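S.K.: Position one of the sequence shown corresponds to residue 359 (my numbering), numbered consecutively onward. My questions will all concern the structure given below.
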Amino acid sequence: MTLSVIGEALVYPPSAWRDPQCIPKAVGWEPKGGKLMPRFVSLAESMDPERLAVSAAELNLKLMRWRTLPSLDLDMLSGVRCLILGVGTLGCEVARILMAWGIRKMTLIDSGRVAMSNPVRQSLYTFQDCLNGGEFKANAAARNLKQIFPAVEAEGIVMPIPMPGHPIAAKETDTVLESCKRLEDLIDSHDITFLLTDTRESRWLPTLICSNKNKIAITAALGFDSYLVMRHGAGPMPTTSPCATAADVGSTGPRLGCYFCNDVVAPIDSVSNRTLDQQCTVTRPGLAPIASALAVELLVGLIHHPDKINAKGEIAGSIVSSSDEQPLGILPHQIRGSLSQSSQLTLLGHSSHSCTACSEAVVAEYRQRGLEFVLQAINQPTYLEDLTGLTELKDSVGSFKLDWVDDDAINEEDGDDF
């Protein structure tokens, strides 16, 4: 600064420039089509806040691809359409992590309203969303996602999900059928469906539809200090041969199971007869972010796998893992974890021929009867058990004759004193 000269100067343009017909020989005017035309430079890319936000978000993913994951397909991620069923603690976290991975198109479904207890646990809601009885979660979540990242294409839909074990009145039949049809259309128009609802029975219909349409479904469920994250296997393929099974059609092995494949009872009403404290979901606050992150990471790995929904389930630490060459690592079927034990397991479960949601008998009945079948499953809790053979299985177990042996009584008869 000691060598700087500061002063004032007045610069006047030539008088000829005041003529409207005069074209000055100035920087910025270039020949174009035989005429001197001005060159325009758009500064929107470097000055528009929304475009800057998009550029910054994409830069992080591009750096990830450049440094570590050359096979990361950013175009595929940006084109994926995700359907999120349930915008509670899990749904909010999943939506935010999807945005971080560059997934911009998502539809959120929920029929509840934002309660005063929600904002501290559910990251897409604020105190203002709780006022005046609470805003619908689906609408509030979609709006707040756009405030976080304006480029996201988020839509909120307020809609209940019909559930087995929750009988409906005759006057509500048309409304329920409309909800079923709309859910079918939404799952069909999206690439991935996340099952993140509060109750087990609310996941049955989406699981059935995804199995029928062979759509990717990701489930996350919470206990108090434990969680489950899993991907559903492919649905049973229609077959004309009575000797062929779903595992034999278009697959090299048994299908992976769904959320209901280990059940020995049909989904039932799990909330109506409970007290208020039992109806509330009670989990450790750190559990949902862990499960949500694993669910999204599982999805990203699945869509990058060459076999997509038909990819085999792998076990962590297995020497026969086929994903050693996959840049995102192994692709498990189920991930079960416990905070109290600080443990995590990867498990593998095949589909069950008695599953109430994805078995060949259930899917075939749904394909044949459509929504009439769904209504019967909703209104008759035992219908699914009868259809899949679970009723017969339970009856056969009840007929077993078991002889109990009391070790203490045997010791007394033998005269043992110890």
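Note that CB positions come from ideal geometry on N, CA and C, so glycine has one too. In this text, all values refer to a predicted model and were calculated from it rather than measured experimentally.
Pair every Cβ in the stretch 586 to 594 with every Cβ in the stretch 486 to 506, then say whether three or more of these pairs are closer than 8 Å.
M.R.: no
S.K.: What does a CB cutoff of less than 8 Å around A473 pick up in its chain, not counting 5 residues either side in sequence?
M.R.: Within the sequence shown, residue 473 is the residue found at index 115, counting from 1. Cβ within range, chain order: C488 and G492.
S.K.: Among the candidates T555, S547 and F582, whose CA atom is the shortest distance from the CA of I574?
M.R.: Here the question's residue 574 lines up with position 216 in the sequence shown. Closest option to I574, Cα to Cα, is S547.
S.K.: Which residues share a DSSP beta bridge with S413?
M.R.: The sequence position of residue 413 within the sequence shown is 55, counting from 1. None, per the DSSP bridge assignment.
S.K.: Measuring straight from C-alpha to C-alpha, what distance separates V399 and C616?
M.R.: For the purposes of this step, residue 399 is taken as the residue at position 41 of the sequence shown. For the purposes of this step, residue 616 is taken as the residue at position 258 of the sequence shown. Spanning the two alpha carbons is a distance of roughly 55 Å.
S.K.: Closer than 6 Å by C-beta to T598: which residues in its own chain qualify, once you throw out the five before and the five after it? Chain order, please.
M.R.: Locating residue 598 in the sequence shown gives position 240, counting from the first residue. The predicted position of T598 is uncertain, since its pLDDT is 45 and thus under 50; a value taken from the coordinates is nonetheless stated next. Excluding residues within five positions, none has a Cβ falling inside 6 Å.
S.K.: What's the C-alpha gap between R376 and G365?
M.R.: Locating residue 376 in the sequence shown gives position 18, counting from the first residue. Locating residue 365 in the sequence shown gives position 7, counting from the first residue. Distance between the alpha carbons of R376 and G365: 28 Å.
S.K.: Alpha carbon to alpha carbon, what distance is there between R397 and F552?
M.R.: As a working mapping, residue 552 is identified with position 194 in the sequence shown. As a working mapping, residue 397 is identified with position 39 in the sequence shown. Looking at the two C-alpha atoms, the distance is approximately 49 Å.
S.K.: Which term fits D556, buried or exposed, when burial requires 16 or more other beta carbons within 10 angstroms of its beta carbon?
M.R.: One-based indexing of the sequence shown puts residue 556 at position 198. With 16 or more neighbouring CB atoms inside 10 Å of its own CB, D556 falls in the buried class.
S.K.: Check C704 in the structure and name its three-state DSSP category.
M.R.: Translated into positions along the sequence shown, residue 704 becomes position 346. The sequence shown places Thr at residue 704, rather than the Cys named in the question. Strand.
S.K.: Rounding to the nearest angstrom, what Cα-Cα distance links S481 and I688 in this structure?
M.R.: Here residue 481 refers to the residue found at position 123 of the sequence shown. Here residue 688 refers to the residue found at position 330 of the sequence shown. Near 29 Å, if we compare the C-alpha coordinates of I688 and S481.
S.K.: Output needed for G449: all residues of its chain with C-beta closer than 6 Å, excluding positions within five of it in sequence on either side, in chain order.
M.R.: For the purposes of this step, residue 449 is identified with residue 91 of the sequence shown, where counting begins at 1. Closer than 6 Å at Cβ, skipping near neighbours: I442 and L554.
S.K.: Bridge partners for V587 per DSSP, in chain order?
M.R.: What you label residue 587 is simply residue 229 of the sequence shown in a count that begins at 1. According to DSSP, which records beta bridges pairwise, V587 is partnered with A578 and I693.
S.K.: Give me whichever residues DSSP pairs with E511 in a beta bridge.
M.R.: Here the question's residue 511 lines up with position 153 in the sequence shown. For E511, which the question treats as bridged, DSSP gives the partners K463.
S.K.: Mapping DSSP to helix, strand and coil, what is L748?
M.R.: For this step, residue 748 is matched to residue 390 along the sequence shown. Note: L748 maps to helix in three-state DSSP.
S.K.: Which residue from M588, S560, C380 and E542 puts its Cα closest to that of G695?
M.R.: As a working mapping, residue 695 is identified with position 337 in the sequence shown. Of M588, S560, C380 and E542, the residue nearest in Cα terms is M588.
S.K.: Is V640 buried or exposed, if buried means 16 or more other CB atoms sit within 10 Å of its CB?
M.R.: Here residue 640 is taken as the residue at index 282 of the sequence shown, counted from 1. The residue is exposed, with fewer than 16 neighbouring Cβ atoms inside 10 Å.
S.K.: Please state the DSSP three-state secondary structure of P643.
M.R.: Locating residue 643 in the sequence shown gives position 285, where the first residue counts as 1. It is coil, neither helix nor strand.
S.K.: Report, in whole angstroms, the separation of the C-beta atoms of R409 and A415, which I expect to be a contact under 8 Å.
M.R.: Numbered from 1 along the sequence shown, position 51 holds the residue referred to as residue 409. Numbered from 1 along the sequence shown, position 57 holds the residue referred to as residue 415. At roughly 11 Å, the Cβ-Cβ gap does not stay under 8 Å, so R409 and A415 are not in contact.
S.K.: Are the beta-carbon atoms of G514 and L544 separated by less than 8 Å?
M.R.: Against the sequence shown, residue 514 aligns to sequence position 156. Against the sequence shown, residue 544 aligns to sequence position 186. No, these two residues do not count as a Cβ contact at 8 Å.
S.K.: Name the two residues that bound the continuous beta strand (DSSP E) containing L394.
M.R.: Position 36 of the sequence shown, counting from 1, holds the residue named residue 394. Residues K393 to P396.
S.K.: On the DSSP letters alone, give me the boundaries of the beta strand (DSSP E) that R439 sits inside.
M.R.: As a working mapping, residue 439 is identified with position 81 in the sequence shown. R439 to L443 is the extent of the beta strand (DSSP E) around R439.
S.K.: Terminal residues of the continuous alpha helix (DSSP H) containing F731?
M.R.: Position 373 of the sequence shown, counted from the first residue, corresponds to residue 731. For F731, the uninterrupted alpha helix (DSSP H) segment begins and ends at L729 to N737.
S.K.: Alpha carbon to alpha carbon, how far is P685 from D744? Give it in angstroms, no decimals.
M.R.: Counting from one through the sequence shown, the residue named residue 744 turns up at place 386. Counting from one through the sequence shown, the residue named residue 685 turns up at place 327. D744 and P685: Cα-Cα distance of roughly 45 Å.
S.K.: Would you decide whether Y370 is buried or exposed? Buried here means 16 or more other CB atoms lie within 10 Å of its CB.
M.R.: Residue 370 sits at position 12 when you count from the first residue of the sequence shown. Around the beta-carbon of Y370, fewer than 16 other beta-carbon atoms lie within 10 Å, marking it exposed.
S.K.: Please state if the CB of D627 and the CB of G470 are separated by a distance shorter than 8 Å.
M.R.: Residue numbering aside, residue 470 sits at position 112 when the sequence shown is read from its first letter. Residue numbering aside, residue 627 sits at position 269 when the sequence shown is read from its first letter. No; because the gap between Cβ atoms is not below 8 Å, this pair is not in contact.
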